[in-house]
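Every number in the numbering used here is 869 more than the matching position in the sequence shown, counting from 1. What follows is a short report on a single structure.
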Amino acid sequence: MIVVNYGKDWVKSTYETLEASDIKVYLKPGMAVAIKPNLVLASPPENGATTHPEVLEGIICFLKDFGITKIKIMESSAVGNDTKKAYKVCGYEYLTKKYNVPLVDLKNAPHKTLNHSGLDIQIAEAAFETDFFINVPVLKAHCQTRFTCCLKNLKGCIPEKEMRRFHALGLHKPIAALASLLPVHYCVVDGICGDLSFEEGGSPVEANRIIAGRDSLLIDSFCAELIGYKPQDIGYLVHAQENGLGEFFSAKTKVMELGVDNKPAIQQKSKRLSEDYRSKNTGIAEDRACSVCYAALIFALHRNGYNPSKIEKICIGQGFKGKTDQNTSTLGIGDCARGFDNHVGGCPPKAVDIITMINTLH
């Protein structure tokens, strides 16, 4: 099961997401829990690269209410970046002061070597010294692997020299091997404003959603579609499935949506990519579009490009509810535009489905 929750109160949204999930089946009071965010560099979360501290605060509050007090946060920033500085810039020192949760820097931590299918991988020992491991990645794009979420976030549990070797090995196979060696008990995805094209941020797209579930591969395949990729497009997801880590998202997967009525309107002034596409002559007609729906459209246009030769107008937003349009050069986005002859359904729709429709019409 995958739980998706929408809203702008991220502490509350994260707490409610876990409350509605099946995590209680696996937790026990008194457990030691490790939480692994994505702090790839010292960059404020609103830039789209790092995990919001409010998401971790929601997790911590949930765990403490469940009777768990042995909680630690662990991370190693990317090669050449300072983890301690990232903790500070990203607002994590607040969590230590308020909840007495230690911040562990894995950059130079002791490690051990494990083998998967003939590949030796060094992994921080601290990642195994816990009863329950919660992975808290950012849903965003990546310049080399196209997409990064749960599985790739585990790279923060290996030494810098191993990070460099992963790149030398092509990333995909070692990422899948690492995911096979390092047990993850639950995933909570920060889908608030991940970057459109670069893992270090700069082009955030507001979606305001928290996604949670137990199966890392299932969640990654689901999230890949949200930003315009089929799971088969991501090499390490294919390798992970071949390694027996699970199955891809399908129509059979149960998805629970919360906070659907709380989907906020798009905030043009705070999200540069949204403004950029609006300023171009792309024929987008937006009328009270929810940010999560508009984000799917922006991801799709960025992935696929926009050719107005066949699609002269793209309509999106609650203002199109109940309206019809039979023009073959007009495309409606989301359930609000279901009256259009050409439309992509979903509340919100997936970027990958928008891309498919655009290609079909072209």
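Note that the Cβ used here is the ideal one computed from N, Cα and C, for glycine as well.
Near residue i, what residues of its chain come up, given a Cβ to Cβ distance below 7 Å and the 5 sequence neighbours on each side ignored?
{"i": "A1164", "result": "V1074, E1075, A1076"}
{"i": "Q1101", "result": "V1107"}
{"i": "K1219", "result": "E1094, L1095, A1165"}
{"i": "Y884", "result": "G927, C930, F931"}
{"i": "Q1013", "result": "L1040"}
{"i": "N1196", "result": "none"}
{"i": "T965", "result": "P971, L972"}
{"i": "H1171", "result": "L1065, S1066"}
{"i": "I1224", "result": "G1097, A1169, R1172, N1173"}
{"i": "R1015", "result": "Y1098, D1102, I1103"}
Please check the pair residue i and residue j, which I expect to be a contact at CB under 8 Å, by giving their CB distance rounded to whole angstroms.
{"i": "C1062", "j": "E915", "result": "6 Å"}
{"i": "T1199", "j": "C1184", "result": "6 Å"}
{"i": "V1221", "j": "G1097", "result": "5 Å"}
{"i": "K905", "j": "G1025", "result": "6 Å"}
{"i": "D1089", "j": "L1020", "result": "6 Å"}
{"i": "T1017", "j": "K1009", "result": "6 Å"}
{"i": "A978", "j": "E962", "result": "Contact doesn't hold; Cβ gap of about 19 Å is too wide."}
{"i": "F935", "j": "L896", "result": "6 Å"}
{"i": "H1041", "j": "G1128", "result": "Wrong, their Cβ atoms sit about 34 Å apart, outside the cutoff."}
{"i": "S945", "j": "K967", "result": "The Cβ separation is near 24 Å, so there is no contact."}
{"i": "R1207", "j": "G1188", "result": "Incorrect: roughly 14 Å between the Cβ atoms, too far for contact."}
{"i": "A918", "j": "E1069", "result": "5 Å"}
{"i": "K939", "j": "A901", "result": "4 Å"}
{"i": "A996", "j": "A903", "result": "7 Å"}
{"i": "H1011", "j": "I992", "result": "The pair is not a contact, with the Cβ atoms about 21 Å apart (cut-off 8 Å)."}
{"i": "G1191", "j": "C1162", "result": "With a Cβ gap of about 17 Å, G1191 and C1162 do not count as contacting."}
Residues in its own chain within less than 8 Å of residue i by CB, not counting five upstream and five downstream?
{"i": "I990", "result": "T982, L983, N984, I1027, E1031, P1043, A1046, L1047, L1050"}
{"i": "L1087", "result": "I871, G1115, E1116, F1117, F1118, T1122"}
{"i": "A889", "result": "V872, N874, M1125, L1127"}
{"i": "K1099", "result": "A1093, V1221"}
Which residues share a DSSP beta bridge with residue i?
{"i": "D989", "result": "N984"}
{"i": "G1060", "result": "R1078"}
{"i": "P1073", "result": "D1064"}
{"i": "M1125", "result": "V872"}
{"i": "F1209", "result": "D1194"}
{"i": "T1199", "result": "K1182"}
{"i": "A1154", "result": "C1184"}
{"i": "D974", "result": "E944"}
{"i": "F1001", "result": "V902"}
{"i": "A1165", "result": "A1165 pairs with nothing; no bridge assigned."}
Which residues in the same chain have their Cβ closer than 6 Å to the Cβ of residue i, if we skip the five residues on either side of it in sequence?
{"i": "F1035", "result": "P1043"}
{"i": "D1194", "result": "F1209"}
{"i": "I892", "result": "Y1055"}
{"i": "I1153", "result": "I1183"}
{"i": "M1226", "result": "V1213"}
{"i": "N1211", "result": "L1200"}
{"i": "L1142", "result": "Residue placement at L1142 is flagged as unreliable, the pLDDT there being 48, under the threshold of 50; a coordinate-derived value is accordingly withheld."}
{"i": "Y956", "result": "L972"}
{"i": "V1007", "result": "N907, T920, D1059, G1063"}
{"i": "I1080", "result": "V873, V1058, G1060"}
{"i": "S882", "result": "N874, G876, I1079"}
{"i": "K941", "result": "A903, P971, V973"}
{"i": "F1001", "result": "M900, V902, H1054"}
{"i": "N1228", "result": "none"}
{"i": "S1139", "result": "Confidence in S1139 is poor, its pLDDT being 38 and thus under 50, which makes the residue's placement unreliable; the coordinate value appears in the next sentence. Closer than 6 Å at Cβ, skipping near neighbours: no residue."}
- So, do the region 1052-1059 and the region 916-931 have three or more beta carbon pairs nearer to each other than 8 Å? By the Cβ test, the region 1052-1059 is in contact with the region 916-931, since at least three Cβ pairs between them sit closer than 8 Å.
- Counting pairs of Cβ atoms below 8 Å between the region 895-910 and the region 933-952, do you hit three or more? yes
- Task: Could you pull out every unbroken alpha helix (DSSP H) segment of at least 4 residues lying fully inside the region 1012-1043, listed in chain order?
- Result: 1019-1022, 1029-1037
- Message: Could you tell me which whole alpha helix (DSSP H) segments of length 4 or greater appear in the region 890-965?
- Response: Listed in chain order, they are 922-935, 952-958.
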